[in-house]
Amino acid sequence: MKKEEAKTKDFLRKTATVALGAVMLLTSAMPTFAAGDKVSFTDVPDNHFAKAAIDFCNPNIMQGKGNGKFDPEGTLTRAEAVQILYKVDGGYFKEAPAVFSDVKAGEWYSDALNYAVAKKYCSGYPTGEFKPDGTLTYQEFAAMVANRTKASYPAWAQKTDLFEGTPKCTKYSSWAKDGILLAEFMKITENPEKLDATKPITRAQAAVFANKAATTQFKVLEPIK
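Next up, the structure:
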């Protein structure tokens, strides 16, 4: 009897050792994430107008510029813009690539650009170029967000009367009207009447756009019976 008990204890001890080893092996094989993946940016104080939006976007939608800085007043390129909206929509697209003479295959923003073209919220120039390093204006990004919203929420876009209004902002191009109206609807800027939408968009403003685009519910409101 004692021999049987000893054998059982020895079996359990060996089993536990093997199980512990397996757990240790599994744990060591798991990916580790360095502390500080989500950066506390030194140039974005708590009272910054885009603080909450930047925190929302960090690090999965927008990253910093290094050295603990976000560069909120920095400008945005066309490549960065499509990447931001791509991340807002989940960040996965592997369909046929869009062809632009100045975009090589495998660029870091290639999937995002292909997605933007497929969704028809971004296009290139008549020259066949995309100009990925070109600086984006507020109204250009607003137009992209509006086109993306219409593509993502077609029922809402068809029934809303939002785009029939007149923007409070007065400094914008006629082709960007829908984008400016949507920006005002989402309250991107506190004082839209003072906004010059023809100027470059800042990274802080882009973060607010991304935050709102990701969280605003574009529902079709049924009439009350």
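For the sequence shown, my numbering gives the first residue as 541, with consecutive numbering after it. For every residue, glycine included, the Cβ atom is placed at its ideal position computed from N, Cα and C. The structure displayed is predicted, hence computed values, not measured ones.
Residue pairing by DSSP places G606 opposite K609 in a beta bridge. The three-state reading of DSSP puts K711 in strand, counting E and B together.
According to DSSP, T756 shares a beta bridge with no other residue. Shown here, T706 sits in coil according to DSSP, grouped into three states, outside any helix or strand. The distance from the Cβ of Q623 to that of A652 is about 4 Å, consistent with a contact at the 8 Å cut-off.
Look at D595 here: in three-state DSSP terms it is helix.
Taking C-alpha positions only, Q698 is separated from R688 by approximately 14 Å. Bounds of any alpha helix (DSSP H) do not take in P732, whose DSSP letter is neither H nor E. Look at P694 here: in three-state DSSP terms it is helix. Distance between S713 and K605, taken at the CA atoms: about 31 Å. If you draw a straight line from the Cα of D586 to the Cα of P666, it is about 44 Å long.
In this structure T675 does not touch P612 by the C-beta definition: roughly 16 Å separates them, more than the 8 Å allowed.
W715 sits away from A747, with the two beta carbons spaced by 8 Å or more. For K627, the uninterrupted alpha helix (DSSP H) segment begins and ends at 618–628. Under DSSP, no beta-bridge partner is assigned to P637. With a cutoff of 8 Å on beta-carbon distance, L735 and T729 are scored as near each other. Assignment of T700 by DSSP, reduced to helix, strand and coil, places it in the coil class. Residue pairing for P672: DSSP places it in no beta bridge. Here the C-alpha atom of A636 lies approximately 20 Å from the C-alpha atom of S692.
With respect to the 8 Å criterion, C709 and E733 are classified as neighbours on the basis of their beta carbons. DSSP places K717 inside the alpha helix (DSSP H), whose first and last residues are 717–725.
Taking C-beta atoms as the reference points, F589 and F610 fail to come closer than 8 Å. Pairing K634 with K671, the inter-Cα distance amounts to about 22 Å.
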